[in-house]
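First residue of the sequence shown: 1, per full-length UniProt numbering; consecutive thereafter. Yeah, the Cβ is synthetic: ideal placement off N, Cα and C, and Gly gets one too. From a predicted model like this one, the values you see are computed outputs, not experimental measurements. Report on the following structure.
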Amino acid sequence: MAPVKKKGGHLAQFQIQKHGSKERPKKELAKLPMDSDGEEFSDEDLRPKKKAGGSKQGFTDENRKWLKAKQNDDDDSEENDDDEDGDEYEDGDGGDGDSDISLEAGSLSDESNDEDDGELEVEKKSRLLDEEKMREAEEAKEEGMQLNIQGDFDDFRLPTTEELEREAKGPPDLPSILRRIKDIVRVLSNFKALRPEGVARTDYVRQLAADLASYYGYNDFLIDTFLQMFPAAEVVEFLESNEKPRPICLRTNTLKSRRRDLAQVLINRGVNLDPLGKWTKVGLVVYDSQVPVGATPEYMAGHYMLQSGSSFLPVMALAPQERERVIDMAAAPGGKTTYIAALMKNTGVIFANELKEPRIKSLSANIHRMGVTNTIICNYDGRQLPKKLGANSADRVLLDAPCSGTGVVGKDASVKVTKSVEDIHKCSFLQKELILAAIDMVDANSKTGGFLVYSTCSVMVAENEAVVDYALRKRDVRLVPCGLDFGREGFTRFREHRYHHTLKNTRRFYPHVHNMDGFFVAKLKKISNKVKRDENSAEGAHEADNSTIDQDGIQDEGEEMDAKEVIPERVLDGGAPSDIDNEDSKGNTTMTENDGVAEQNGLQKKKAKKVFLDRRARKNLPSAEDISRVREEKRQAIREAKRKAVGVLQTEQLNRSEGDIKVSQESPLANGKSKKERKVGIGSADKKQQKTVSDIKSDGSAKKRRIRE
């Protein structure tokens, strides 16, 4: 290789060393070191001399920064190379070219020296990181700071009243409030060990509630409720997650497309997406997009629906089957309705009900866009649907009940300050009415269905577990698993309330745990079409008398009590269960030949009658005499009303007739009649009047006779 003809000896020699060349540029030969007499050092003088023991002399303190000692096993080969290189130089001075290059490369950077040393890239990065950490630790130590500052927080104390008043006068110091929130949460998480003397836990909780309300902007009612539902650390996570928007989700319309094909088309349009999760086969989550996902040709064609991930859950729990009759009691804007239609493959029939008429436009538009053909849209109050669509007429019912929206604060920030305990109670009352109406529409005898799914976008216990527990007491239903593999179990106890133990089959979803809107899902199976009057145990059993009423809620007060209704009461009153051993399969009592057995049966009947009367007394039911007396009083009141009506009618007729007579007497001559004729007319009028009065009296007496009869 020809020598590089460039000025600047260091650059030229670095290039030679990099390419491994053994040639030395002529211009660089003049740059060899000189002695004090001006004579040039030879390669022998520059080469390290060997020690007496035959080993080479190592590098000294003067050149240790840039020269690295070589291994002894390479010395012989290097000496041979030096001899060969020396013959190639024109000046005849033999020498080691590599040694000269190394001498001139002393001013290169540390990176080039590392490469010369043969250090791996990974080792180099590791060494640099270690040096950076050591330097940071030294700087922190010099400035009086410690990396582990946990000990400083152990001295945390609650602010005094004066400090809080001073803080309230000025604008809120959000960094200071956030720091105090973290300190209180840390103390409450290990209160037994970090508890200061003379400070109660309630003081910390009270200060934490005030700081959370100030920092995140919630009212006191919601903050107190969240602190009762979650631990302190989880409350902070829940509130923090509500400040972030939930990911955009798409639901593939399987009536028109497949998820794989839809994903490929959207990726080609510049949409970055992934499958929503293993729990759904139609969901996609969108991270970012170069085009609006709500205005693509695929969206306009109905290939997918913009729908939150939590809205998939109620329909998945409902699991509608083909050719079923399904009712969606609150259908707008149509995400759940179209999902049900897709699962049913456009078979059967779906009744999509929506109370608010303006929202029907979006419901109808989405149904048409998604290609749904088995849906009927109706506009009724959900509480009146059993009368409109028929009781026991549906295989499955979906009730996504209107709620306070405390699970979707990320979408509607006004919930933070607008919801109060009165709003929660109003929502709970409406939800209880709706769930009873929904249960009444479900047919318990359906071969494939008989299910109801109740869901809300709220995290309040009063709107979720309390409503379902109320339905368990009022209707013959039971909770079944939702069929969802994830989600937290529902509350079976909350503060002073105790709910049915099967509420653990319900599922709760939170934004800080599942990265979706707060949601509640419960699935109920209808056992029979009867309506409970009350329950006596937590198992959802009937009252001790097993009394039931039909769907209209009507039961005759004087109906006789059969033997089956007597059994529990006899057992409760001390009677033996063997009291009914003398009944056959049809419920008829079989008399034996033994007179003692007959007498015993008579005693049993008397006892049953006594128990029946005792049960009526316990329920404060009126006796037969009281009932007959009340009925007679009602009849008397009706008779008096009729008498008064007849008297009023007679008075009106008399007044009308007297008015006619006066008019005829006061009228002037008319139609050429003489005074005599008028007198005759007056006489005849008097006779007619008398006749009319007698007729009225006779009619009244006849009516009285009919009434008496």
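Using the Cβ count rule (16 or more neighbours within 10 Å means buried), how would you classify serine 628?
Counting other Cβ atoms within 10 Å of its Cβ, serine 628 stays below 16 and is therefore classed as exposed.
Compare the C-alpha of leucine 503 against each of Pro511, Arg473, Asp517 and name the closest.
Ranking the options by Cα distance to leucine 503, first place goes to Arg473.
In this structure, how does DSSP classify cysteine 403 when only helix, strand and coil are distinguished?
Correct three-state label for cysteine 403: coil.
Quick check on histidine 500: does DSSP put it in helix, strand or coil?
Residue state, collapsed to three classes: coil.
Run the CB neighbour count on aspartate 91, radius 10 Å, all protein chains shown included, and call it buried at 16 or more, exposed below.
Bear in mind that the predicted position of aspartate 91 carries a pLDDT of just 44, short of 50, making it too unreliable to give a figure here.
By alpha-carbon positions, which one of Asn242, Gly450, Phe429, Lys426 ends up nearest to methionine 516?
Taking only the C-alpha atoms, the option nearest methionine 516 is Asn242.
Would you grab the beta carbon distance between alanine 438 and valine 397 for me? Rounded to a whole angstrom, and I think it's under 8 Å.
Between the beta-carbon of alanine 438 and that of valine 397 there is about 5 Å, and that keeps the pair under the 8 Å contact cut.
Report, in whole angstroms, the separation of the C-beta atoms of isoleucine 350 and leucine 363, which I expect to be a contact under 8 Å.
12 Å between Cβ atoms; not a contact.
Suppose the cutoff is 8 Å on Cβ atoms and the five residues either side in sequence are ignored; what does the same chain contact list for arginine 206 look like?
Contacts found: none.
Does the Cβ of glutamate 465 have 16 or more other Cβ atoms within 10 Å, making it buried, or fewer, making it exposed?
Buried, by the Cβ-count rule.
Taking contact to mean 3 or more Cβ pairs, one atom from each stretch, closer than 8 Å, check whether the segment 479-493 and the segment 315-335 are in contact.
Yes, the segment 479-493 is in contact with the segment 315-335.
Tell me where the alpha helix (DSSP H) around phenylalanine 312 begins and ends.
Phenylalanine 312: member of the alpha helix (DSSP H) spanning 312-318, first to last residue.
Under 8 Å between the Cβ atoms of glutamate 433 and arginine 383?
Result yes, Cβ atoms of glutamate 433 and arginine 383 sit closer than 8 Å.
Would you call the segment 396-415 and the segment 489-502 in contact, with 3 or more CB pairs under 8 Å?
Here the segment 396-415 does not lie against the segment 489-502, with fewer than 3 beta-carbon pairs under 8 Å apart.
Please confirm if threonine 338 has its CB atom under 8 Å from at least one CB of chain B.
No chain B appears in the structure shown, which is made up of a single protein chain.
Locate the beta strand (DSSP E) running through leucine 251, then write down its first and last residues.
Leucine is not the amino acid found at residue 251; the sequence shown has arginine there. 248-252 is the span of the beta strand (DSSP E), which, as asked, contains arginine 251.
Beta-bridge pairing of alanine 193 - partner residues as DSSP gives them
None; alanine 193 has no bridge partner.
Cβ pair count under 8 Å reaching 3, the segment 437-452 against the segment 210-230
No, the segment 437-452 does not touch the segment 210-230.
Considering only residues of the same chain and omitting the five flanking positions on each side of serine 311, which have a CB-CB separation below 7 Å?
Here the set comprises Gly335, Lys336.
Should the segment 421-428 be called in touch with the segment 367-376, which here means at least 3 C-beta pairs below 8 Å?
No: the two stretches stay apart, fewer than three of their Cβ pairs being nearer than 8 Å.
Simplified DSSP assignment, three categories, for arginine 475
Assigned with DSSP and collapsed to three states, arginine 475 falls in strand.
Is there contact between the segment 247-255 and the segment 297-310, where contact requires at least three CB pairs shorter than 8 Å?
Taking 8 Å as the limit for Cβ pairs, the verdict is that the segment 297-310 does touch the segment 247-255.
If you draw a straight line from the C-alpha of alanine 352 to the C-alpha of lysine 644, how long is it?
It is roughly 53 Å from the alpha-carbon of alanine 352 to the alpha-carbon of lysine 644.
Cβ-based burial, phenylalanine 486 [other Cβ within 10 Å; buried from 16]
Exposed, since its Cβ has fewer than 16 Cβ neighbours within 10 Å.
Keeping to the same chain, check which residues put their C-beta closer than 6 Å to that of valine 459; ignore five residues upstream and five downstream.
Excluding residues within five positions, the ones whose Cβ falls inside 6 Å are Thr406, Gly407, Gly518.
Outcome for serine 414 when other beta-carbon atoms lying within 10 angstroms are tallied against a minimum of 16
Residue burial is scored here from C-beta neighbours: serine 414 has fewer than 16 other C-beta atoms within 10 angstroms and is therefore classed as exposed.
Considering Cα atoms alone, identify which of Glu625, Val630, Ser393 is closest to lysine 526.
It is Ser393 whose Cα lies nearest to the Cα of lysine 526.
Does the separation of the CB atoms of isoleucine 248 and valine 199 fall below 8 Å?
Going by C-beta atoms, isoleucine 248 is not nearer than 8 Å to valine 199.
Near glutamate 489, which residues of its chain fall below 6 Å by C-beta distance, leaving aside the five closest residues on each side in sequence?
Excluding positions up to five away in sequence, the list reads Lys504.
Among Thr202, Leu128, Arg135, Lys192, which one has its Cα closest to the Cα of leucine 158?
The option with the nearest alpha carbon to leucine 158 is Thr202.
Can you say whether aspartate 328 is buried or exposed, counting buried as having 16 or more other CB atoms within 10 angstroms of its CB?
Buried, because 16 or more other Cβ atoms sit within 10 Å of the Cβ of aspartate 328.
Own chain, CB closer than 8 Å to lysine 416, minus 5 neighbours either side, in chain order
Cβ within range, chain order: Tyr216, Gly217, Tyr218, Asn219, Leu222, Val409.
Looking only at its own chain, which residues have a Cβ that is under 6 Å from the Cβ of proline 292, when we skip the five neighbours before and after it?
When the five nearest sequence neighbours on each side are left out, no beta carbon in the same chain lies closer than 6 Å to the beta carbon of proline 292.
Does the distance from the C-beta atom of lysine 530 to that of aspartate 476 stay below 8 Å?
Yes, Cβ-Cβ distance for lysine 530 and aspartate 476 is below 8 Å.
Roughly how many angstroms lie between the CA atoms of glutamate 132 and leucine 120, to the nearest whole one?
Going by the C-alpha atoms only, they are around 19 Å apart.
Glutamate 324 burial status per 10 Å Cβ neighbour count (16 or more: buried):
Around the beta carbon of glutamate 324, a 10 Å sphere encloses 16 or more other beta carbons of the protein chains shown; the residue is thus reported as buried.
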